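Using numbering that gives the first Met the number 0, you'd call the opening residue of the sequence shown number 0 and step up by one each time. Glycine is no exception: its CB is placed at the ideal position from the N, C-alpha and C atoms. Please read these numbers as outputs of a predicted model, since none were measured by experiment.
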Amino acid sequence: MAKLRQLIAYLERMAPPALQASYDNSGLLVGHPDTDVEGVLVSLDCTEEIIAEAVAVGANVVVAHHPIVFSGLKRITGKTYVERTIIAAIKHDIAIYAIHTNLDSVLARGVNGRIADRLALENVKVLSPSKNTLNKLAIYVPRENTEEVAQAMFEAGAGRIGDYDRASFRSNGIGTFHPLEGANPSIGEVGSDEHVNETKLEVVVPRVLAKAVLTAAKRVHPYEEMAYDLYALESNYSDYGMGAYGDLAEPMEHDEWMAFLCESMELESVKHTAPTGQLIRRIAVCGGVGSFLLPAAKGVGADAFVTADYKYHEFFDAEGKLVICDIGHYESERFTIDLLFEAISTRFDTFAARMTSRNTNPVRLYLPAGAPH
Ligand SMILES: [Zn+2]
């Protein structure tokens, strides 16, 4: 049976927790990592209803995008829905794990990558790449162990550059050392100078994965003391950051784009700014609150920006340069549920993962009978 810590380790490889925003509270919020996972319920929000659903379907872990606990709780008396949800979870022995802005910040299997998939965008890239996220790691390895150490580092996430992975640079040289009293060298003897044919194995590694990559290398490296250099790079890691953008296969007229957007994202309505008069081809997206990315969307030449939670005055900032499409917070992120479900169910077969059957959107739309719709 899988332990909760195994599920968490897997999710954290997918969306490293260090990528979460400073205000966020992703991670294990309720429960113990040693819990045996009997079933997982995936949802966008974690509410009392979701806990009740988890109990009903025999799931003892809820994986939700939005953290139910965001800021500190001073008492848990059941006065608010947050407190009642926590009480229900603890009463029924249900763990709650949140995977929020860290999942917003990864492109490949993240919130925005999924929106881009729904819109069938091509050449998808991060809209606002995170800064200073890349490290260089050089490890000195006896020549015959080079391949094994390299593979271990690649498995742990090192060596990815754009559309390439398993990238490394290897140079040969001589390593020297002198084992001191108390050492237990795998090559050589205490008290005598050693010269060993070694490879300097260099890889790039996202800063948030550096520790995991070092641990993986140490596990297979033959030396008692593994020599390595780890340093920060000025170059950015283009797979991490907020929002995404890409191109439609064929440019569309404004009305055609709107219809396509509604169909692709299963929308009842869209709040949007005026047509620009230009064809729509390049699309920027940001699930949830996205107005802070408008300058980035303009910067990449987007014709439309699909996001949510726009305020009245912020709509003016479109300035006729692109079409802001506010599709609703829940609507923009609902397919994150599918994403998490697919990721968990393809990796684990010792428990069932389920998608919630409830719509947790607290916002309802009233459409008067006969209104144009
Ligand atoms: Zn959200």
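Going by DSSP, Gly-240 is part of the beta strand (DSSP E) stretching over 240-251. Taking a contact as a CB-CB distance under 8 Å, the pair Ala-87 and Ile-50 counts as one, their CB atoms being some 4 Å apart.
When secondary structure is reduced to three states using DSSP, Gly-112 falls in the helix class. The beta carbon of Lys-217 sits closer than 7 Å to those of Met-225, all from its chain and outside the five residues before and after it, given in chain order. Its chain contains Gly-38, Leu-40, Arg-353 as the residues whose beta carbon lies nearer than 7 Å to that of Val-56, once the 5 sequence neighbours on both sides are disregarded; these appear in chain order.
Around the beta-carbon of Arg-281, 16 or more other beta-carbon atoms lie within 10 Å, marking it buried. In this chain, the alpha helix (DSSP H) harbouring His-312 covers 311-314. When only Cα atoms are considered, Leu-43 and Lys-90 end up about 22 Å apart.
Taking C-alpha positions only, Ser-167 is separated from Leu-208 by approximately 16 Å. For Gly-287, the Cβ falls inside the 6 Å cut-off from some heavy atom of ligand 1.
Excluding the 5 residues flanking it on each side, Gly-109 has same chain C-beta neighbours closer than 6 Å at Leu-102, in chain order. Placement of the Cβ of Glu-332 at a distance of less than 6 Å from at least one heavy atom of ligand 1 is found.
The DSSP-derived three-state label of Val-207 is helix.
A distance below 6 Å between beta-carbons, with the five flanking residues on each side excluded, links Ser-290 to the following residues of its chain, in chain order: Tyr-309, Glu-313. Per the coordinates, the alpha-carbon of Ala-248 lies some 40 Å from the alpha-carbon of Leu-27. In this model, Ser-356 and Pro-367 are separated by some 27 Å (Cα to Cα).
Contact check for Thr-145 against Leu-200 passes: the beta carbons are separated by less than 7 Å.
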